[in-house]
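Right, one structure below, let's go through it.
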Amino acid sequence: MEPSSANTLRLRTPEGITFALPLAGPMTRLLAWMVDVLIVGAVSTVLSIAMALLGWMARDLATALATIGFFVLQLGYPIATEWLWRGQTLGKRAFRLRVVDAHGLRLQFSQIAIRNLLRAVDILPGAYLVGGLACLFSRRAQRLGDFAANTVVIRAPRLAQPDLEQLLAGKFNSLRAHTHLCARLRQRVAPEEAALALSALLRRDELDPLARVELFRELAAALRAKVEFPPDSLDGLADEQYLRNVVDILYRPRGASS
Amino acid sequence: MILDLEKFFASERPLWAELDVMLLRLEEHQNQQPSLDEVKRLHYLHERAAAGLDRLATFANEPETRRYLESLVARGHAEIHEQRGMPHRLKLFEWFFVTFPQTFRRHVRYFWFAVAVTVAGCAFGGLALVFDPDSRHTTMAFGHDQLTPSERVKKEEQSQGARIDGQQAGFSSFLMTHNTRVSVSTLALGMTWGVGTIISLFYNGVILGAISVDYVQDGQGQFLAGWILPHGSIELPAILIAGQAGLLLGTTLLGRGSRIPLRTRLRTVSHDLMTLIMGVGLMLIWAGLVEGFFSQYHEPVLPYAVKIVFGLVELGLLIAFLAKGGSGRVEMSVNSKP
Chain S
486 MEPSSANTLR
496 LRTPEGITFA
506 LPLAGPMTRL
516 LAWMVDVLIV
526 GAVSTVLSIA
536 MALLGWMARD
546 LATALATIGF
556 FVLQLGYPIA
566 TEWLWRGQTL
576 GKRAFRLRVV
586 DAHGLRLQFS
596 QIAIRNLLRA
606 VDILPGAYLV
616 GGLACLFSRR
626 AQRLGDFAAN
636 TVVIRAPRLA
646 QPDLEQLLAG
656 KFNSLRAHTH
666 LCARLRQRVA
676 PEEAALALSA
686 LLRRDELDPL
696 ARVELFRELA
706 AALRAKVEFP
716 PDSLDGLADE
726 QYLRNVVDIL
736 YRPRGASS
Chain U
542 MILDLEKFFA
552 SERPLWAELD
562 VMLLRLEEHQ
572 NQQPSLDEVK
582 RLHYLHERAA
592 AGLDRLATFA
602 NEPETRRYLE
612 SLVARGHAEI
622 HEQRGMPHRL
632 KLFEWFFVTF
642 PQTFRRHVRY
652 FWFAVAVTVA
662 GCAFGGLALV
672 FDPDSRHTTM
682 AFGHDQLTPS
692 ERVKKEEQSQ
702 GARIDGQQAG
712 FSSFLMTHNT
722 RVSVSTLALG
732 MTWGVGTIIS
742 LFYNGVILGA
752 ISVDYVQDGQ
762 GQFLAGWILP
772 HGSIELPAIL
782 IAGQAGLLLG
792 TTLLGRGSRI
802 PLRTRLRTVS
812 HDLMTLIMGV
822 GLMLIWAGLV
832 EGFFSQYHEP
842 VLPYAVKIVF
852 GLVELGLLIA
862 FLAKGGSGRV
872 EMSVNSKP
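Listed in order, the protein sequences are those of chains S and U. Heads up, the first sequence is in the numbering used here, so the first residue is 486 and it goes up one at a time. Heads up, the second sequence is in the numbering used here, so the first residue is 542 and it goes up one at a time.
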């Protein structure tokens with residue numbers, strides 16, 4: 486395990502590969518916990534109504550079932566859901582959080598049980614003050630239960646394979662007609678500059694429209710200064726399209742048809 | 542150098558997809574053992590994904606793909622490098638009758654320490670009552686200070702169990718959940734390097750000692766034994782085992798004389814902590830049933846001798862169970878000293 490930077494747990498595999506797990510912050514965890522409290526509250530209400538109805542027939546039995554039911558629900562809900570859904574309660578699912586082993590290994594049942602049983606101390610003296618403070622000051626955002634169980638809570642967004650083809654392929658590139666200029670472009674553009682242009686294109690939908698126009702204008706101007714293409718190949722080409730063509734040349738040297 | 546992303550994607554994408562599917566299968570069917578060929582393939586695919594991540598991190602700043610690969614490598618890492626055994630199926634019977642007593646014996650010194658702390662608490666509570674009778678108002682819980690033992694015994698014997706009739710199940714479930722909460726707190730307070738656990742055990746001892754001395758001084762020792770023993774012979778050891786777990790946790794945190802890193806120590810004992818507290822939970826279910834349905838009945842409904850013998854038999858069986866249970870079997874966890 487490598488030292489963690491802010492909000493990230495970095496792990497190194499025996500093969501020497503480092504990967505990062507984004508840690509969940511206390512506020513997101515609080516929101517997820519509140520969703521779980523609401524769920525437990527809702528189920529408790531249903532249970533109360535059912536037991537009240539049963540109480541008309543067998544009062545003692547209803548009292549016993551209600552007492553045990555509430556207890557099992559409070560203690561068992563997080564343990565059962567985190568075990569069944571590999572580290573996620575319904576609240577954590579809603580906020581895309583997941584409990585994982587702090588060493589990146591498979592989560593064990595004992596870890597889930599310990600982290601949930603130790604809520605008894607995290608909740609002290611009330612409103613999760615101990616757990617919240619521990620989470621706030623811990624390098625890995627761990628409450629005491631997490632610390633004892635060797636677990637961390639990470640953000641786990643749903644990740645699909647990135648579709649780069651949608652971005653680059655299948656579009657006419659007027660710059661490709663000038664093979665020698667394309668070669669010069671690949672020679673003059675630094676990897677960092679290429680990566681910056683690619684990132685801008687990949688994130689274009691996340692940008693504010695005005696900022697997007699400005700960003701692409703600046704990037705296109707910087708790249709235009711590297712290699713000057715003939716005016717006829719640039720005719721009617723917007724900054725964003727120019728950038729797309731340049732990135733296409735840089736990252737797909739064999740052309741769109743390949 | 543700029544990575545030819547298209548070529549890179551074309552060659553690696555099918556392998557990532559295959560790894561993704563394989564990992565999903567392994568994660569969802571954790572009880573199934575993969576074949577040797579599947580393990581080899583998984584290892585190969587994981588290595589390829591890891592190598593891809595390495596190349597991508599070096600040659601191009603492509604955050605989406607890198608996050609995707611990091612997620613794949615993280616999941617593969619968890620499957621490949623996990624060395625702790627996973628139960629192939631839940632064997633509750635074997636766990637309770639073999640693993641639980643084995644775990645108890647492995648950490649028995651913490652149990653004896655918990656006993657010593659509780660006995661010290663008993664002595665304190667008892668002596669406090671002897672030297673300062675007014676201390677009963679602070680050392681006795683559950684309203685025991687409101688009546689003298691003789692008054693209580695008279696009241697209980699006159700009611701002939703009517704006080705509890707029709708409420709046994711409710712009372713029993715209250716006791717089970719309350720005692721389990723106390724036990725879980727006793728374990729959890731181990732996070733204070735065991736100090737909280739010691740205070741909790743001592744406080745329990747004070748109450749027990751004060752009540753015991755109060756009844757004995759008032760000549761109600763037989764009632765006390767008949768009242769406490771049937772459920773207490775299981776309940777009190779259960780609380781002590783919870784204390785044992787708390788002390789184990791506290792000692793693990795302290796790690797005195799150990800060169801093993803804290804996280805490794807905690808990882809090593811986590812399974813034992815769970816085993817102890819789950820065992821305590823089962824014991825308290827039994828104790829709650831006995832207390833709700835049996836302990837609250839006194840003479841003339843139930844002779845004290847019967848109750849005392851019942852309690853002593855339970856205690857004997859518990860001692861035999863904890864001392865001998867699973868002794869002929871290979872220990873499930875051999876490396877769990879903090």
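Every residue gets a Cβ at the ideal spot worked out from N, C-alpha and C, and that includes glycine.
The beta strand (DSSP E) with residue i in it runs from where to where?
i, result
"S:R640", "636-640"
"S:R497", "493-497"
Strictly by DSSP, which residues pair up with residue i?
i, result
"S:A505", "S:R495"
For the alpha helix (DSSP H) that contains residue i, what are its first and last residues?
i, result
"S:M542", "Careful: S:M542 lies outside any alpha helix (DSSP H) and carries neither H nor E."
"U:G829", "803-831"
"U:Y651", "649-672"
"S:F701", "694-709"
"S:R671", "664-673"
"S:N730", "724-736"
"U:V854", "845-865"
"S:D717", "716-719"
"S:L686", "676-687"
"S:R578", "575-579"
| message | Across the region 853-867 of chain U and the region 643-657 of chain U, are there enough close Cβ pairs to call them in contact, namely three or more that are closer than 8 Å? | response | yes
| query | At a Cβ cut of 8 Å, what residues of the region 775-791 of chain U count as close to chain S, listed as they run along the chain? | reply | L790
| said: To test your reading of the DSSP string, which unbroken alpha helix (DSSP H) runs of 4 or more residues are found completely within the region 582-635 of chain S? | reply: 594-602, 604-607, 614-622, 629-634
| Fully enclosed by the region 721-764 of chain U, which alpha helix (DSSP H) runs are 4 residues long or longer? | 736-758
| field | Positions along the region 701-727 of chain S whose CB lies within less than 8 Å of some CB in chain U | value | none
| query | At a cut of 8 Å, does the region 726-740 of chain S reach the region 695-712 of chain S through at least three beta carbon pairs? | reply | yes
| query | If we count Cβ pairs, one from each stretch, closer than 8 Å, do we get three or more for the region 810-822 of chain U versus the region 716-728 of chain U? | reply | yes
| said: Using 8 Å as the cut-off, can you tell me whether the region 768-776 of chain U makes contact with the region 728-742 of chain U, which would need three or more C-beta pairs spanning the two stretches below that distance? | reply: no
| said: Could you check whether the region 791-804 of chain U touches the region 669-678 of chain U, counting it as contact only if at least three pairs of C-beta atoms, one from each stretch, sit closer than 8 Å? | reply: no
| alpha helix (DSSP H) runs contained entirely in the region 676-709 of chain U, provided each spans 4 or more residues | 677-680, 690-700
| message | Closer than 8 Å is the cut-off here; do at least three beta carbon pairs connect the region 492-503 of chain S with the region 591-601 of chain S? | response | no
| message | Tell me which residues of the region 544-570 of chain S have at least one Cβ-Cβ distance to chain U shorter than 7 Å, keeping chain order. | response | D545, L546, T548, A549, T552, I553, F556
| query | Of the residues that make up the region 808-833 of chain U, which ones have a beta carbon closer than 7 Å to any beta carbon in chain S? | reply | R808, S811, H812, L814, M815, I818
| query | Looking at chain S, which residues of the region 705-720 of chain U have a Cβ within less than 8 Å of any of its Cβ atoms? | reply | G707, Q708, Q709, A710, G711, S713, S714, F715, M717, T718
| Just by C-beta distance, which residues in the region 593-627 of chain S are closer than 7 Å to chain U? | Q593, S595, Q596, A598, I599, L602, L603, A605, V606
| Chain-ordered residues of the region 675-703 of chain S with a beta carbon less than 7 Å from chain U | P676, A679, A680, L683, S684, L687
| Taking contact to mean at least 3 C-beta pairs separated by less than 8 Å, is the region 607-627 of chain S in contact with the region 824-836 of chain U? | no
| task | Determine, using beta-carbon pairs with one atom in the region 808-818 of chain U and one in the region 786-795 of chain U, whether at least three such pairs fall under 8 Å. | result | yes
| field | Minimum length 4: unbroken alpha helix (DSSP H) runs contained in the region 512-572 of chain S | value | 544-569
| query | For the 8 Å Cβ check, are there 3 or more pairs between the region 598-607 of chain S and the region 521-532 of chain S? | reply | no
| Taking three-plus beta-carbon pairs below 8 Å as touching, is the region 510-523 of chain S in contact with the region 560-577 of chain S? | yes
| Cβ-based contacts, 8 Å cut-off: residues of the region 504-534 of chain S near chain U | F504, A505, L506
| field | Three or more C-beta pairs below 8 Å linking the region 690-704 of chain U and the region 561-575 of chain S | value | no
| Given a limit of 7 Å on CB to CB distance, which residues of the region 724-752 of chain U reach chain S? | V725, S726, L728, A729, L730, M732
| field | Members of the region 573-586 of chain S near chain U, C-beta cut-off 9 Å | value | V585, D586
| query | Which residues, taken in chain order from the region 608-625 of chain U, show a beta carbon closer than 7 Å to some beta carbon of chain S? | reply | R608, Y609, E611, S612, V614, A615, H618, A619, E620, H622, E623, R625
| request: Mind the definition here: the region 756-773 of chain U touches the region 834-853 of chain U only if three or more C-beta pairs lie below 8 Å; say whether that holds. | output: yes
| task | Please name the residues in the region 580-591 of chain U whose beta-carbon is closer than 8 Å to at least one beta-carbon of chain S, in chain order. | result | E588, A591
| query | So does the region 681-690 of chain S actually touch the region 711-723 of chain S, counting three or more Cβ pairs closer than 8 Å? | reply | no
| task | Take every Cβ of the region 589-596 of chain U, pair it with every Cβ of the region 546-559 of chain U, and state whether three or more of those distances are shorter than 8 Å. | result | yes
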